[in-house]
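Colleague: Have a look at this one.
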Amino acid sequence: KNQVEQSPQSLIILEGKNCTLQCNYTVSPFSNLRWYKQDTGRGPVSLTIMTFSENTKSNGRYTATLDADTKQSSLHITASQLSDSASYICVVSGRKAAGNKLTFGGGTRVLVKP
Amino acid sequence: DAGVTQSPTHLIKTRGQQVTLRCSPKSGHDTVSWYQQALGQGPQFIFQYYEEEERQRGNFPDRFSGHQFPNYSSELNVNALLLGDSALYLCASSLGADGGSYEQYFGPGTRLTVT
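First to last, the sequence lines map onto chains P and D. Here our numbering is used: the first residue of the first sequence is 1367, the next is one more, and so on. Here our numbering is used: the first residue of the second sequence is 24, the next is one more, and so on.
As structure tokens, then:
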């Protein structure tokens, strides 16, 4: 069964500090992995999307890594800001044999405190 | 360039009633996917529409149905509402039926509350 597990479920960090979120998946065959930021009550907004051949991608203060061999990804937030408070969702897409569906993780809720 | 829009923003219904949610995809997109997101959970895939047909479906009962119009906009219908249907319903649009390969853009969602 295709699954995406994220950790931690939630974390609290002080403004200006860095943090790293983890994502493990079992989706196979793999097509791409995406990280989304979702503010409370709003739709998810894409941060990064990585294919099999990419092992790192940055979007401003957000840097995602991918190890397709171990089926792990991380999202690193540098110099956190209050506006980074949100849920971060890891989404994995399978290729046609996996049904082309997106499999969502449960998300990591990040709270940045001043 | 218009993004994905959804209506209404919020909705309150009673158990047993029926509801219709609407979505207009991002300009240039032809594929619409619908998701249900319970509070504190990740989105769950309901179904995807392309060329006015349902192309893929998640593990949702037949009470959940949809439609796509020639202008690519889409509706999600839920019959015989249950308390457990209370959730944020998200619409995402993309280009092409191969939704796994193309970037999906999400709308702001419709918050449905069933009492």
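Virtual Cβ for every residue (Gly too), placed ideally from N, Cα, C. Given the structure is predicted, the values throughout are model-derived calculations rather than measurements.
Would you say the segment 44 to 56 of chain D touches the segment 1399 to 1416 of chain P, given that touching needs at least three Cβ pairs under 8 Å?
Modeller: No, the segment 44 to 56 of chain D is not in contact with the segment 1399 to 1416 of chain P.
Colleague: What's the gap between the Cα of N1390 (chain P) and the Cα of C1456 (chain P)?
Modeller: Taking the first sequence and counting its residues from 1, one reaches residue 1390 (chain P) at position 24. Taking the first sequence and counting its residues from 1, one reaches residue 1456 (chain P) at position 90. Straight-line Cα distance between these residues: approximately 9 Å.
Colleague: Assuming G132 (chain D) contacts L111 (chain D) under a Cβ cut-off of 8 Å, what Cβ separation, rounded to an integer in Å, is found between them?
Modeller: Taking the first residue of the second sequence as position 1, residue 132 (chain D) is located at position 109. Taking the first residue of the second sequence as position 1, residue 111 (chain D) is located at position 88. Contact flag correct, Cβ pair sits at about 5 Å.
Colleague: For a contact defined as C-beta to C-beta under 7 Å, what are the partners of L1477 (chain P) on chain D?
Modeller: Indexing the first sequence from 1 puts residue 1477 (chain P) at position 111. Per Cβ cutoff of 7 Å: no residues; L1477 (chain P) is ~14 Å from chain D at best.
Colleague: Could you tell me which residues DSSP puts in a beta bridge with H33 (chain D)?
Modeller: For this step, residue 33 (chain D) is matched to residue 10 along the second sequence. Partner(s): D:R134.
Colleague: Could you list the residues in the segment 1412 to 1430 of chain P with a C-beta less than 7 Å from some C-beta on chain D, going in chain order?
Modeller: Residues S1412 and I1415.
Colleague: Within the continuous beta strand (DSSP E) that includes G1460 (chain P), where are the two ends?
Modeller: The residue given as residue 1460 (chain P) occupies position 94 in the first sequence. A1452 to G1460 is the span of the beta strand (DSSP E), which, as asked, contains G1460 (chain P).
Colleague: If I measure Cβ to Cβ from G26 (chain D) and keep anything under 6 Å in the same chain, skipping five residues before and after, which residues do I get?
Modeller: Mapped onto the second sequence, residue 26 (chain D) falls at position 3. These residues qualify, in order along the chain: K49.
Colleague: Beta strand (DSSP E) containing A103 (chain D): first to last residue?
Modeller: Translated into positions along the second sequence, residue 103 (chain D) becomes position 80. Counting along the chain, A103 (chain D) falls outside any beta strand (DSSP E), and DSSP gives it neither H nor E.
Colleague: Comparing C-alpha positions only, which one of P:T1392, P:D1435 and P:L1380 sits nearest to D1450 (chain P)?
Modeller: Taking the first residue of the first sequence as 1, we reach residue 1450 (chain P) at position 84. That would be P:L1380, whose Cα lies nearest to the Cα of D1450 (chain P).
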